[in-house]
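Residue numbers (our numbering): 29 to 200.
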C-alpha cells in the first residue's frame, strides 16, 4: 500500500512540475478588407479589374523557439497548378527571439518587395495575368475558387519549425 501511495504521489508531482505546454502557432488576417470568406473586389488581379492589390497582411503568433524566417506560399486551392505556392512564394526574415511577427503586405504583380521580404519564386500565372511578380492576387475570373496561403516557420538551417498552417483569404 505504501508503494502505491508513493508512485501516485510521484506521478502527480511530475504532472504538477511539468512546464506548461507551449501554445500552438497561429496565423490571422490583420487587414479588415480580408474576411476569409469573399475576396474584396479591389484585391483581384488587374486582368479582372483589381486596382492597387496587395498581399494580405497577417500576424503569426506563438512562434516556436529558433524561428528566423517565415515562408508564405500563396495558393489557389481549386487549381492544381496554382496550389502550393503557384500564386508566389516569399520568405519574411524574422528577428531572433520573436514570439510573433507581422507579415506586412506588399504590391501584387510586382517584384517591389519591402526590406526583409525575399521572393523565393514568382507566381506561375504570367501567361494568364500578363504580369510577373512575387504575388499574384486572386485571378480566376469569379469562378468561386478559394484562395489561401500556407505559412511555414523556418530555423537557421531552413528546416520547418512547428506546424504548416493554412489561412483562407476567401473565394473569387
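Virtual Cβ for every residue (Gly too), placed ideally from N, Cα, C.
Buried/exposed call for residue i, threshold 16 Cβ in 10 Å
i: residue 180; result: buried
i: residue 104; result: buried
i: residue 184; result: exposed
i: residue 121; result: exposed
i: residue 150; result: buried
i: residue 136; result: buried
Helix, strand or coil at residue i according to DSSP, with G and I counted as helix
i: residue 53; result: coil
i: residue 137; result: coil
i: residue 200; result: coil
i: residue 149; result: strand
i: residue 176; result: strand
i: residue 192; result: coil
i: residue 109; result: helix
Range of the contiguous beta strand (DSSP E) that encloses residue i
i: residue 101; result: 97-104
Reference residue i; option with closest CA among the options
i: residue 162; options: 147, 108 and 176; result: 147
i: residue 142; options: 170, 85, 66 and 60; result: 85
i: residue 177; options: 53, 72 and 57; result: 57
Alpha helix (DSSP H) segment containing residue i, residue limits
i: residue 154; result: 154-157
Any chain B beta carbon closer than 8 Å to residue i
i: residue 77; result: The structure shown contains no chain B; it holds only a single protein chain.
Identity of the residues DSSP links to residue i by a beta bridge
i: residue 130; result: 87
i: residue 163; result: According to DSSP, residue 163 bridges with nothing at all.
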